[in-house]
Amino acid sequence: MSSEPASIESLRVLYQSDDYIVVDKHWDIRIDSKMWYEKQTVQLQLQHHFPHLADPSTYYGFRFCHQLDFSTSGALCVALNKAAAGRAYRCFKDRTVTKAYLSLLRGWVENETRTLDFAIGKNSMEGKTHMMCIEGTEGCENPKPSQTELIVLEYGVYDGDPVTKVLLQPLTGRTHQLRVHCSAIGHPIVGDFTYSLGADDSPYRMMLHAYLLQIPLEPQQLLVTAGDPFIPAVDPKWFPQRSLRTLEATVEAVLEHSKTKEKEREVARSEGEKRKQSKRQRTGEESEEQRRVCQEWLSEWAGD
């Protein structure tokens with residue numbers, strides 16, 4: 001990852017198999033577009049680098065398993081066939097996918113760890129219909145429960161202003177969720193032009209990066225990290241001053257927690273299946289008893 005603008009040639013592949021490709025999406029590039037004037041999209045990058053893998057039966061040639069905002073960089077999974085897309089879709093639908101984002105936030109976040117729990121809805125205010133908002137704010141329509149785990153990694157300065165480097169784990173998948181949640185606690189993402197209402201326009205990009213993607217596919221899980229672009233070697237305007245925890249240890253803890261949650265889900269599914277089976281058995285036993293009683297009654301009636 002660099003501070004240079006995207007090009008058709010600048011596609012970085014993080015993982016490739018017969019079923020999936022994971023790319024490190026560049027900042028400020030759309031995944032796909034129906035507009036003829038869009039000359040640079042991930043779709044076109046893939047067509048340029050992998051023309052033999054494009055599926056002409058799909059509109060874009062490639063099946064994107066999930067979405068990243070135009071301004072967000074990082075791990076993006078692409079399915080290479082319909083069956084692979086279906087397997088990945090089920091994981092996203094069942095919320096068994098683990099994602100974690102790196103970000104630089106304005107100001108110094110006081111709480112080292114925090115769960116951001118704000119319902120998010122569509123902003124219906126004039127001039128803001130392209131935005132989302134939290135429940136209770138003016139013009140917020142149809143808010144839905146949304147949760148994000150925030151973990152502070154480092155404190156420092158960006159271009160002389162105090163900022164906090166954090167790891168964000170979305171537990172739900174609402175539009176603009178991370179951007180809205182961070183803005184809601186008074187620590188908007190550095191370079192987020194939209195949710196600063198155009199004020200934060202000096203950084204070269206929005207500082208939000210999809211660092212970790214884990215999809216629990218069978219028989220082999222897909223686990224990819226997309227590097228850390230928020231280091232002085234990439235952007236010398238960022239100067240870390242105090243580190244609280246390493247990125248590697250934090251991600252390891254996130255993955256371990258996800259593994260524990262998956263085991264809990266498996267136990268719950270197993271117990272649920274046992275309850276269903278027990279109910280079916282009881283229903284069968286009751287039906288057998290009902291048939292016996294009915295047969296006795298019919299025999300008695302016939303005898304009369």
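Taken in order, the sequence shown gives residues 1 to 304; the numbers are from full-length UniProt numbering. We treat Cβ as the ideally placed atom computed from N, Cα and C, and that holds for glycine. Remember, it's a predicted structure, so these values are computed and weren't measured experimentally.
Can you tell which of the options has the C-alpha that lies nearest to the C-alpha of residue i?
i, options, result
"V234", "Y204, T260, A184, L153", "Y204"
"A45", "Y15, L11, K34, C77", "Here the sequence assigns Gln to residue 45, which means Ala is not the residue at that position. Of Y15, L11, K34, C77, the residue nearest in Cα terms is L11."
"A84", "F64, Y101, L68", "F64"
"K34", "S17, F50, Y60", "Y60"
"L104", "P51, D159, L223", "D159"
"S202", "F193, A226, E288", "F193"
Does the separation of the CB atoms of residue i and residue j fall below 8 Å?
i, j, result
"S150", "R114", "The sequence given here places Leu at residue 150; Ser does not occur at that position. Cβ atoms of L150 and R114: closer than 8 Å."
"V157", "R106", "no"
"I120", "R174", "yes"
"D19", "A79", "yes"
"S243", "E154", "yes"
"S71", "M206", "yes"
"F230", "H181", "no"
Taking the beta strand (DSSP E) that residue i belongs to, which residues open and close that run?
i, result
"K82", "Premise fails: K82 lies in the alpha helix (DSSP H), 82 to 93, not in any beta strand (DSSP E)."
"Q241", "238 to 243"
"residue 307", "Nothing in the structure corresponds to residue 307, since the chain is present only between 1 and 304."
"H209", "208 to 215"
"L44", "Counting along the chain, L44 falls outside any beta strand (DSSP E), though it belongs to the alpha helix (DSSP H) covering 42 to 49."
"Y101", "98 to 106"
"R205", "Looking at the DSSP string, R205 is not in any beta strand (DSSP E), and its letter there is neither H nor E."
Within the continuous alpha helix (DSSP H) that includes residue i, where are the two ends?
i, result
"A184", "177 to 184"
DSSP three-state call for residue i: helix, strand or coil?
i, result
"T172", "coil"
"T129", "coil"
"H26", "coil"
"S3", "coil"
"V190", "coil"
"L68", "coil"
"residue 372", "Residue 372 lies beyond the residue range present for the chain, which begins at 1 and ends at 304; the question has no answer from this structure."
"A54", "coil"
"T164", "strand"
"K263", "helix"
"G272", "helix"
"L247", "helix"
Say yes only if the C-beta of residue i is nearer than 7 Å to one or more non-hydrogen atoms of the ligand ZN, and no if none qualify.
i, result
"K34", "The ligand content of the structure shown is nil, which means the ligand ZN is not present either."
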